[in-house]
Amino acid sequence: MKFFISSVNQGFEDFRLAVEKAVKSLDHEVVRSEDFASSPASPRVACLAGVRESDGVILLLGSRYGDEQSTGKSAVHEEFEQAKSNNLFLFIQKGVEFENKQAKLVEDARDWVKGTYSNEFTSPESLTEEVVRAIHRWERENQSGNLDAVALVEKARSNLLSAGRQSYSGTSIAVSLVGGANTTIVRPSVLDSHEFKSKV
-16 MKFFISSVNQ
-6 GFEDFRLAVE
4 KAVKSLDHEV
14 VRSEDFASSP
24 ASPRVACLAG
34 VRESDGVILL
44 LGSRYGDEQS
54 TGKSAVHEEF
64 EQAKSNNLFL
74 FIQKGVEFEN
84 KQAKLVEDAR
94 DWVKGTYSNE
104 FTSPESLTEE
114 VVRAIHRWER
124 ENQSGNLDAV
134 ALVEKARSNL
144 LSAGRQSYSG
154 TSIAVSLVGG
164 ANTTIVRPSV
174 LDSHEFKSKV
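Counted from 1, the sequence shown has number -15 at position 2 by our numbering; the numbering is strictly sequential.
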């Protein structure tokens, strides 16, 4: 999967690298504006296309709003608006004083109806951990696993044969419900383990 990193660039280099490290540790691809090849498209067009074409967007909001563009909004603000229809992962820097427009963006991003849940970070290391947790949790919640249709049919038949051995009077119908894809889940206790953290 591809994850677009959205944030101000200047002064946030270490945090952007921390997100890149987290995403790559989970074997996913990182999309960053600083890695874009030369193109006839404007930076705005290229970045917003990067947001749309990614599987998820990791939005980092710190104290600075960023330079206003011709739209009157910062590039990050425009990326946020584009990302709202995508899988948006929001991370907000803790313990900083937001510029006025940034405070409004943070408020909008956390809005009860139109916003998204967020995590906080204080250092590149804490951000790496939070990003790994968030993506892993999202993957686990959306993972369907491998479906073995033959095994499911056999299990359903076995259930029906067992039901057929019961004695019923009159007409009866037996229904067998089976399901559950075969999937391996990394439990939260494993995520918290020293061995797992040493891999990221």
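C-beta atoms are modelled at their ideal positions from N, C-alpha and C, and glycine is treated no differently.
Quick one: grab the DSSP three-state call for residue i.
| i | result |
| --- | --- |
| glycine 78 | coil |
| asparagine 69 | coil |
| lysine 97 | coil |
| lysine -15 | strand |
| asparagine 125 | helix |
| asparagine 102 | strand |
Just curious, the alpha helix (DSSP H) that residue i is in, first and last residue?
| i | result |
| --- | --- |
| serine 8 | -4 to 8 |
| glutamate 36 | 26 to 36 |
By alpha-carbon positions, which one of the options ends up nearest to residue i?
| i | options | result |
| --- | --- | --- |
| proline 26 | Phe81, Val59 and Glu64 | Val59 |
| leucine 110 | Glu82, Arg(-1), Trp121 and Gly78 | Arg(-1) |
| leucine 44 | Asn(-8), Glu108, Asn125 and Lys138 | Asn(-8) |
| alanine 66 | Lys77, Glu82, Ser(-11) and Ser141 | Ser(-11) |
| phenylalanine 81 | Gly49, Ser155 and Asp18 | Gly49 |
Between which residues of its own chain and residue i is the CB-CB distance below 7 Å, once the five residues before and five after are set aside?
| i | result |
| --- | --- |
| lysine 54 | One detail in the question is off: residue 54 reads as threonine in this sequence, not lysine. Taken in chain order, the residues that qualify are Glu61. |
| threonine 184 | This structure leaves residue 184 out entirely; the chain is present only between -16 and 183. |
Counting only the same chain and skipping the five closest in sequence on each side, list residues whose C-beta sits under 8 Å from that of residue i.
| i | result |
| --- | --- |
| serine 22 | Ala29 |
Quick one: what's got a C-beta closer than 6 Å to residue i's C-beta in the same chain, skipping five residues either side?
| i | result |
| --- | --- |
| methionine -16 | His11 and Asp38 |
| valine 6 | Phe(-14) and Val13 |
In this structure, what does DSSP give as the bridge partners for residue i?
| i | result |
| --- | --- |
| serine 57 | Glu51 |
| valine 14 | Phe(-13) |
Please report the residue range of the beta strand (DSSP E) in which residue i lies.
| i | result |
| --- | --- |
| valine 40 | 39 to 44 |
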